[in-house]
Amino acid sequence: MPTPAREAVDFARSDFHAAIRLCAGPASGATPGLEYESVMDEWLVVVAAPALYRRHGSIDDRPSLDGLPMLQAKDEPWSRFEHSTGQKLAWPAGPTIMDDSVSVLGAAIEGLGYTPARWSIAAHDLMAGRLVLASQQIVASRWRYWFVCPPAYAELPKVAALREWLLDEARDFPTPQEFLDR
2 MPTPAREAVD FARSDFHAAI RLCAGPASGA TPGLEYESVM DEWLVVVAAP ALYRRHGSID
62 DRPSLDGLPM LQAKDEPWSR FEHSTGQKLA WPAGPTIMDD SVSVLGAAIE GLGYTPARWS
122 IAAHDLMAGR LVLASQQIVA SRWRYWFVCP PAYAELPKVA ALREWLLDEA RDFPTPQEFL
182 DR
């Protein structure tokens, strides 16, 4: 059964044959002795509920975020968005911080605030109209998704089939720019 975890899978001590990792890649302190194949890039976008967006508009048109309800997940802070875009987003009180990305997106869908979000997690809610992009700025993440497995498992039929299916799905998954351009 798939299990999300912050720790890397220990293939020698588990029944897992492969994993999907969100990380900077094999050159950045990754677990040695594993095969890494890039699956998909990741981006950071700012989202909000449609009703909240209609009331307050895009953050691109604002010199300050003063007066806007702000949310963030611990792993997707506003500072990452500010640093990458060069846009200084000042607010007198900091955002409401939540432990995880899914919780903060749920709060955003309920209209509780604007939030930076990973594209891979927010895309389906954006496509379904539960969220809207609250900025035209798209920030490329230093992280990407990687298919990871021990070399001995790479050619197992079930591992090869999973890898091919995953790569096909990733190729069909729109980028944020493709979403904006439709």
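Count the sequence shown with our numbering and you get residues 2 to 183, in order. Cβ coordinates follow ideal geometry from the N, Cα and C atoms, glycine included.
Range of the contiguous alpha helix (DSSP H) that encloses residue i
i, result
"Ile185", "Beyond the ends of the chain as shown, which are 2 and 183, falls residue 185; an answer cannot be given."
"Ala162", "Pro158 to Asp173"
"Leu181", "Pro177 to Asp182"
Own chain, CB closer than 7 Å to residue i, minus 5 neighbours either side, in chain order
i, result
"Val160", "His18, Ala19, Cys150 and Tyr154"
"Met2", "Bear in mind that a pLDDT of 46 at Met2, under 50, signals an unreliable position, so the number given afterwards is only what the model happens to contain. Counting only Cβ-Cβ distances below 7 Å, and skipping sequence neighbours, we find nothing."
Buried versus exposed, by CB contacts within 10 Å (16 or more), residue i
i, result
"Met41", "buried"
"Gln73", "buried"
"Pro33", "exposed"
"Gly114", "buried"
"Leu45", "buried"
"Trp102", "The question names Trp, but residue 102 in the sequence shown is Ser. Label assigned to Ser102: buried."
"Met128", "exposed"
"Leu69", "buried"
"Leu157", "exposed"
Among the options, nearest to residue i - alpha-carbon criterion
i, options, result
"Leu167", "Arg22, Gly34 and Phe12", "Arg22"
"Ser1", "Ala25, Ser136 and Asp173", "There is no way to answer for residue 1, as the model of the chain reaches only from 2 to 183."
"Ser121", "Trp144, Ala9 and Phe82", "Trp144"
"Gln178", "Phe148, Glu36, Ser136 and Leu157", "Ser136"
One or two residues paired with residue i in a DSSP bridge
i, result
"Tyr146", "Leu23 and Met41"
"Pro117", "Val47"
"Ala141", "Trp44"
"Met128", "According to DSSP, Met128 bridges with nothing at all."
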